[in-house]
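To start, the structure under review is shown below, and the notes come after it.
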Amino acid sequence: MKRVLEVFIFAAAFASVAALAQEYPGRAVRMLVPNAPGSSIDTMSRIVAAKLGDALGQPVFVENRDGAGGLIGVEAGRTAKPDGYTLICASNGSMLIAPLLKKSIPYDAVRDFEHVGSFAVTPNVLIVHPDVPARNVKELIEYARANRATINMSSAGVGSQSHLSGVLLMSMADFESLVVPHKGGGPSVNSVVAGQTHWTFTPAPAVMSFVKNGRVRALGHSLPRRSAMLGDIPPVADTISGYDFSGWAGLVAPKGTPRAIIDKLHAALEKTLALPEVRDGLAKQGAEEFPGSPEDFRRFLAQDQANTVRVIKAAQLQAE
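Under the numbering used here, the first residue of the sequence shown is numbered 216, with each subsequent residue one higher.
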């Protein structure tokens with residue numbers, strides 16, 4: 216009798232989940248963004264959310280829950296009901312870098328979420344001041360090795376994309392450069408433009424106007440492949456094999472969200488990323504569409520997590 220009851224309970228639960236997935240979505244879906252309004256991640260999330268709602272047949276609204284390096288927003292999503300009505304816009308800042316730099320962050324990007332899919336990748340551009348006699352990555356490395364006592368690198372702050380991108384290059388290419396931290400990407404780029412620092416990495420939208428008017432020189436970018444968006448600027452990986460440290464964004468859901476719902480969300484995301492207006496909108500933010508299955512996204516996260524651990528170790532940063 217007990218066995219029959221267990222089978223009945225299991226069957227009822229399965230039927231309930233199946234019915235939920237079949238009816239999904241029956242109302243608006245919330246997309247939590249653990250970044251401030253107006254930030255690059257926020258803007259990309261809104262570009263995707265608007266058309267994702269069309270694909271799902273229900274509105275997808277963005278709710279900003281920034282603070283504590285992404286902890287507040289990600290935790291609000293992680294602990295939400297796993298019914299498909301709460302999504303989290305994941306990025307390497309909130310999902311990978313922050314957990315490695317803050318002991319208080321309790322989540323793991325690979326283990327603690329259901330992965331819907333990635334949607335954008337944002338390459339960082341390696342720039343130098345025109346006074347630096349380097350026309351390519353190889354020449355910058357040679358110049359840095361010959362001028363180790365004086366060359367410096369601008370960064371947007373400790374643990375920022377520009378900081379870690381630069382540290383990875385120094386580690387892989389075996390050279391040193393004094394890191395000069397600034398409060399944000401704007402001051403970091405302006406420091407190179409003014410000739411106060413020699414080089415940095417920065418997202419493309421922040422610097423391409425300076426590249427075009429000759430105030431800085433672009434030597435490479437952080438994607439492992441050529442980028443149509445960046446034209447003739449080559450990957451750093453053409454010189455330093457295996458170099459790869461770009462920003463990215465994707466969608467995750469609370470652990471336990473039914474797979475049938477994840478599949479519906481992923482199908483809607485793929486349809487969204489195929490739209491020219493979405494691709495164009497992401498390009499204006501310096502991003503390329505970055506589609507992939509839930510399994511692809513999980514594997515990518517695991518690889519990028521290992522890469523980020525290596526970079527933070529090279530930067531000699533400790534969790535606080």
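Using N, Cα and C, we set each Cβ at its ideal position, and we do this for glycine too.
Quick check: the Cα distance between Pro418 and Ala359, rounded to an integer number of angstroms?
For Pro418 and Ala359, the distance between alpha carbons rounds to 22 Å.
If you count every other CB in all the chains shown that lies within 10 Å of the CB of Ala517, and 16 or more means buried, which is it?
exposed
Using the beta-carbon count (16 or more within 10 Å), is Asn279 buried or exposed?
buried
Applying the 10 Å Cβ sphere with the 16-neighbour rule, what's the burial state of Glu535?
exposed
Measure the CB-CB distance between Val340 and Ser369 and report whether it falls below 8 Å.
No.
Give the straight-line distance between the Cα atoms of Arg474 and Val352, rounded to the nearest whole angstrom.
45 Å
Which residue from Ala452, Phe416, Ser319, Lys479 puts its Cα closest to that of Gly399?
Phe416
Three-state secondary structure assigned by DSSP to Thr523
helix
Runs of beta strand (DSSP E) wholly within the region 345-416 (minimum 3 residues, chain order)
367-370, 393-396
What did DSSP end up calling Met444 once you bin it into helix, strand or coil?
In the structure shown, Met444 sits in coil (DSSP, three-state: anything other than H, G, I, E or B).
Please say whether Ala264 and Val467 have beta carbons closer to each other than 8 Å?
no
Three-pair Cβ contact test at 8 Å for the region 512-531 versus the region 458-465
yes
Nearest-angstrom Cα distance between Pro506 and Ala443?
Pairing Pro506 with Ala443, the inter-Cα distance amounts to about 16 Å.
Going along the chain, which residues of its own chain have a beta-carbon closer than 7 Å to the beta-carbon of Asp346, five neighbours each way excluded?
Gly410
If you measure between the beta carbons of His378 and Ala388, is that distance less than 8 Å?
no
Test item: CB-CB of Pro469 and Glu329 under 8 Å:
yes
Which same chain residues, not among the five before or five after Arg440, have their C-beta less than 7 Å away from its C-beta?
Pro450
In this structure, what does DSSP give as the bridge partners for Gly332?
Leu466
Unbroken alpha helix (DSSP H) runs of length 4 or more, entirely within the region 453-515: which are they?
474-488, 491-499
Less than 8 Å between the beta carbons of Ser319 and Pro249, yes or no?
no
DSSP-derived helix/strand/coil call for Pro418:
In the three-state reduction of the DSSP assignment, Pro418 falls in the strand class, which pools E and B.
Run through the DSSP bridge pairs and tell me what Met246 is partnered with.
Val277, Leu302
Can you tell me where the beta strand (DSSP E) with Leu434 in it begins and where it stops?
Here the beta strand (DSSP E) through Leu434 covers 432-436.
Note down, in chain order, each residue of its chain lying with its Cβ closer than 6 Å to the Cβ of Phe390, except the 5 sequence neighbours on either side.
Answer for Phe390: Ile356, Ala359, Arg360, listed in chain order.
Ile320, DSSP secondary structure in three states
coil
Which first and last residues belong to the beta strand (DSSP E) in which Ile542 is found?
Nothing in the structure corresponds to residue 542, since the chain is present only between 216 and 535.
Near Leu438, what residues of its chain come up, given a Cβ to Cβ distance below 6 Å and the 5 sequence neighbours on each side ignored?
Pro338, Pro450, Ser461
What is the DSSP secondary structure of Pro198, reduced to helix, strand or coil?
Given a span of 216 to 535 for the chain in the structure shown, any question on residue 198 remains unanswerable.
Outcome for Gln533 when other beta-carbon atoms lying within 10 angstroms are tallied against a minimum of 16
exposed
Endpoints, alpha helix (DSSP H) assigned at Arg261
255-271
Measure the alpha-carbon distance for Gly288 versus Asp281 and round it to whole angstroms.
6 Å
Given Pro297, which residues of its chain have a CB within under 8 Å of its CB, disregarding the five upstream and five downstream residues?
Glu329, Ala468, Pro469, Lys470, Gly471, Thr472, Pro473
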